[in-house]
Amino acid sequence: MRKCGNGHGRSAFGALLIIICFYGLSFASPSSPQLMDKGFAELEKGRAENALKFFTEATLEDPKDAEAAFFAGVALNRLGRAEAALVQLTNARQLGSNHEDLSFEMGWSLLALRRWEEAIEQLNQYEAQHPGRGQTSEFLGRAYLAMGKYKEADAAFTEALKRDADLLPTVSVYRALLRQRQGNEAAARDEIAGLLRGAPGTPVAQVVGSLLPPVGSEMMLHRNWRLSLQTAVGYNTDARGFDLLKPANPGVPTPQHNSAFARIGLDGAYAFVNTPKDRLNIGYDLQADFYARQEGDPDLLDQTLSLEYWRALGDRFTTTWRIWDNYTLVGEDDFRNELATQASLAARVTKTLFVEGSYRYAFDDYLIETTPETNSDAQAHTLTVAAELAILQINSRLRGGYFHTWNFARGDDFDYEGNGLFAGLTSVLPWKITGEAFYVHNVDRYRNINSVTVAANLKRRDYIDGVTLRLTRPLSRKLDVYIEYNFNHDDSNIRGYDYEQHITSGGLVWQF
């Protein structure tokens, strides 16, 4: 036999080149080599159906040709015809085939036929003789998962990615199922989605939104709807209410009012279209905060109704279009209505690196009384570029990006241009805990001299920072507990807009 590689760290189809290199001429009859060569050529081009025809003809030419039977089984495995593949592979073994991938291919067929223990036996036999192949570990992980051997499955999936990072798309799906069966819904969602989420409750969260939609996420295909309910309690060191946007006297610092609060949240969506290639969702999100101290009327009721369409453009690209209406009440008064849309294009650069660019348009209608100069109704345009990197060694995702905003307001006091940077890290920690950290920094420079600082000939400038830290742990398959810390700081050169908040909260999230 002749060799041209060891097959370690190869994807399923790329391994065909390795398998073909071990074709044993000693088993072929004089009339079959030409048919076999044609079959190999078709396999190399990814044409398993055509290859199968040549290998089948070779078996008819010489029923005792073990290698013809073996490669017929190889082609049948690639076509998803596991039962027929196992027949051919068993026949090859009985005829004396000594191809080094025979036990691997038989393990593949047995795995597809749900004969878990037999699959594990064949795959372990192959691993003992030819260690280091990533797909062997992946297949073992899938078999252990099906048998409920979660510790062994987790170790196998981790080993598969160490051997071959190109297996990430398929391993992620099965590892998400593993996390779900272990009761860690948060880790399961992160494994598949890999979403970048802005710090909730901060102004910057409206800019950053949700980035990097999943590429070919299979978990979303299991059902067409999702619904979650959140209850929490917390403490805010500066519950500002209307003073956040409209301070009573912008020339002097706004008094701080700390307060405990209770929170109720609802998040739901329904998919009218839900396939591996495209998805159309309608969603509704509600957050209600009720404060113990009522100075400044800080109670919040925030609602968002959205429509989102996601589509896969081949194996490397996805596009998303989203439109939403956000309505906010502060205290018992109408505060703002925002109508916005966003379009994005995401690309998979490597198996572990994603990039995305997006454009967002928003019309903000502030429903409060103002003077012409302080009318904050605005049209805002935002461009964002972002990237996400999966760090396999520590089971984490690192995200970051840049955004630029042009805000054209009706009142001269609120025309500005802003630049921002953000970064986030999500990691699966011990004891089924998922940790999330997010940071954003942006600078808003206002175009006009502010109406309250005319004498000083001063234009407003804000340096804004936001930090979110969150730990989530499942209590059951449907119930998570979390604790969260938010830090928000606006360092403004107009003292009435300057503020600093520390918000700590914790509660439960029910998944239905």
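The sequence shown begins at -11 in my numbering and counts up one residue at a time. Cβ atoms here follow ideal geometry from the backbone N, Cα and C, with glycine treated the same way.
Among the options, the one whose alpha carbon lies nearest that of residue i
i, options, result
"T393", "P51, D453, L409 and A116", "L409"
"A153", "W298, A134 and S125", "S125"
"D352", "T340, E296 and A397", "A397"
"I452", "I437, S493, T422 and G406", "G406"
"F305", "L48, K265, Y272 and Y315", "K265"
"L301", "F92, R267 and L111", "R267"
"D486", "D226, Q170 and D255", "D226"
"E361", "N436, N430 and L355", "N436"
"H429", "G399, Y390, I421 and L446", "Y390"
"T456", "R465, A425 and I471", "A425"
"T359", "L377, E320, G399 and A374", "G399"
"K420", "E109, L459 and N325", "L459"
"Y552", "V318, T422, R214 and N476", "There is no way to answer for residue 552, as the model of the chain reaches only from -11 to 500."
"G68", "A36, V161, P51 and A334", "A36"
"I382", "G129, A39, E147 and L355", "E147"
"Q499", "R214, E88 and W104", "R214"
"N86", "N246, R103 and D53", "D53"
"R336", "A368, E357 and A374", "A374"
"L515", "L371, T338 and D365", "A query on residue 515 cannot be resolved here, the shown segment of the chain reaching from -11 to 500 and no further."
Sequence-distant residues of its chain with Cβ nearer than 7 Å to residue i (five each side left out)
i, result
"D277", "F249, R251, D287 and L288"
"A72", "L64"
"A39", "G27, E30, L31 and A63"
"L355", "D322, F323, R324 and N325"
"N132", "In the sequence on display, residue 132 carries Tyr and not Asn. So the list reads E140, A141 and A144, once near-sequence residues are dropped."
"H490", "T225 and F475"
Residues near residue i by beta carbon distance below 6 Å, same chain, minus five either side
i, result
"D450", "D432, D478 and S480"
"L380", "L149"
"L463", "V469"
"G197", "Only weak support exists for where G197 lies, its pLDDT of 39 falling under 50; the coordinates are left without a value."
"F92", "Y114"
"S493", "A220, G222 and E472"
"P191", "Note that P191 scores 36 on pLDDT, short of 50, meaning its location in the model is unreliable and no value can be drawn from it."
"A70", "S97, A100 and L101"
"V497", "S216, Q218 and D468"
"Y272", "G256 and L293"
"L327", "D313 and F351"
"L274", "L254 and Q291"
"E488", "H477"
Contacts around residue i, its chain only, beta-carbon distance under 8 Å, and the 5 residues preceding and following it disregarded
i, result
"L74", "G61, M94, S97, L98 and L101"
"M24", "Y11, A16, F42, F43, A46, E55, A56 and F59"
"L90", "F58, L77, A80 and R81"
Identity of the residues DSSP links to residue i by a beta bridge
i, result
"I311", "L295 and T329"
"E147", "Bridge partners of E147: none, in fact."
"G502", "Residue 502 lies beyond the stretch modelled for the chain, which goes from -11 to 500, so this question has no answer here."
"W96", "Paired residues: none, contrary to the question."
"Y422", "Per the sequence presented here, residue 422 reads as Thr, with Tyr not at that position. According to DSSP, which records beta bridges pairwise, T422 is partnered with V416 and T460."
"F396", "Q367"
"R214", "A257"
"R281", "In DSSP, R281 forms no bridge with anything."
"A317", "The sequence as given places Leu at residue 317; Ala does not occur at that position. DSSP output for L317 lists L289 and D322 as bridge partner(s)."
"R267", "N262 and W298"
"Q275", "G253 and D290"
"L409", "Y390 and H429"
Check: residue i C-beta below 7 Å from any heavy atom of the ligand NAD
i, result
"Q244", "The ligand content of the structure shown is nil, which means the ligand NAD is not present either."
*Ignoring anything shorter than 3 residues or poking outside the stretch 432 to 486, list the beta strand (DSSP E) runs there in chain order.*
447 to 462 and 467 to 480
*Would you check if there are 3 or more beta carbon pairs closer than 8 Å linking the stretch 152 to 171 to the stretch 133 to 141?*
yes
*Taking only runs that begin and end inside the stretch 32 to 65, name each unbroken alpha helix (DSSP H) of 4 or more residues, in chain order.*
36 to 49
*Does the pairing of the stretch 52 to 64 with the stretch 75 to 94 give three or more beta-carbon distances under 8 Å?*
yes
*Unbroken stretches of the beta strand (DSSP E), 3 residues or longer, contained in the stretch 328 to 388*: 341 to 354 and 366 to 379
_At least 3 beta-carbon pairs within less than 8 Å: the stretch 111 to 125 vs the stretch 343 to 350_ = no
_Can you confirm whether the stretch 382 to 391 touches the stretch 412 to 420 when touching is taken to mean that 3 or more C-beta pairs between the two stretches lie within less than 8 Å?_
yes
*At which residue ranges does the stretch 95 to 131 contain complete alpha helix (DSSP H) runs of 4 or more residues, listed in the order of the chain?*
104 to 117
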